[in-house]
Amino acid sequence: MKLTLHSAWRASAPYRVRIGLNLKGLAYDIVPVNLVTSQHHDAAYAALNPQRLLPTLEVDGRILTQSLAILEWLDETTPEPRLLPADPFARATVRAMAEIVACDIHPVNNLRILRALSGLGAEEPARNAWIQRWITEGFTALEPLIARHGGGFAFGETPGLADCCLIPQVYNAERFKADLTPFPAIRAVAARAAQHPAFVAAHPDNQPDAIHA
38 MKLTLHSAWR
48 ASAPYRVRIG
58 LNLKGLAYDI
68 VPVNLVTSQH
78 HDAAYAALNP
88 QRLLPTLEVD
98 GRILTQSLAI
108 LEWLDETTPE
118 PRLLPADPFA
128 RATVRAMAEI
138 VACDIHPVNN
148 LRILRALSGL
158 GAEEPARNAW
168 IQRWITEGFT
178 ALEPLIARHG
188 GGFAFGETPG
198 LADCCLIPQV
208 YNAERFKADL
218 TPFPAIRAVA
228 ARAAQHPAFV
238 AAHPDNQPDA
248 IHA
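Counting from 38, one number per residue, gives the positions in the sequence shown under our numbering.
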């Protein structure tokens, strides 16, 4: 099986998929897409992904989009190690944790939203305050779930779907200087993930298109 991931080094959604692929131990090629120069709007990329968003995963020439759909496909086609628990109630809990990030935090903070805010006249301090607000609200909801269900990672003792979503969001929180002091459970998971090879390999700084200041 040949896997090709169209990715951008610090974009959250492809970062999630990189973690998932690494946790599954799957080999894959990366095709960098430059979001800053709007390469995702080029005709060649739009032919792969008409939504013109990242990630896109090519699987033997077939196309998958949307990070959560890709991660669940990975779990269905490569069952071990699991990203989702076997128990239906636990599985729903993990999905809820992941969706706090993927549905409630990230969509209002991604690049196209920040560009829209700029177009409305919001300058960098206002944009950063916007990002910090939604991260704080989402993490406030997520923190007690991790405190209740975590055992080193967001749900239990092994990394899974919730961690695939959480760790890129922590990266964004640090990048935009959101205060993580109120979230000790989240910070503990992030510290644990920082020592795990799958997360280290997926980190933006370790991508072929990374830009180092």
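From the three backbone atoms N, C-alpha and C, an ideal C-beta is built for every residue, glycine too.
As the structure is a prediction and not an experimental result, all values here were calculated from the model.
Distance from the CA atom of residue 117 to the CA atom of residue 53, rounded to whole angstroms, is 17 Å. When C-beta atoms of the stretch 167-187 are compared with those of the stretch 88-101, fewer than three pairs fall below 8 Å, so the two segments do not count as touching. Taking C-beta atoms as the reference points, residue 201 and residue 56 count as a pair closer than 8 Å. Here residue 214 is exposed, its C-beta having fewer than 16 other C-beta atoms within 10 Å. Residue 179 is positioned such that its CB atom lies closer than 8 Å to that of residue 134. In summary, residue 47 is buried, with 16 or more beta-carbon neighbours lying within 10 Å of its beta-carbon over all protein chains present.
The C-alpha of residue 153 lies about 39 Å from the C-alpha of residue 125. By the CB criterion at 8 Å, residue 176 and residue 220 fall inside the cutoff. In the three-state reduction of the DSSP assignment, residue 102 falls in the strand class, which pools E and B. Taking each of 210, 191, 77 and 246 in turn and checking the Cα distance to residue 225, the smallest one comes out for 191.
No Cβ-Cβ contact shorter than 8 Å links residue 171 with residue 204.
Membership of residue 92 in any alpha helix (DSSP H) is not indicated, and neither H nor E is assigned to it by DSSP.
Look at residue 181 here: in three-state DSSP terms it is helix.
Beta-bridge partners of residue 68 (DSSP): 43. The criterion of a C-beta distance shorter than 8 Å is satisfied by residue 41 and residue 66.
Among the bridge pairs identified by DSSP, residue 187 is matched with 193.
About 11 Å separates the beta carbon of residue 193 from that of residue 121, a gap too long to meet the 8 Å contact definition.
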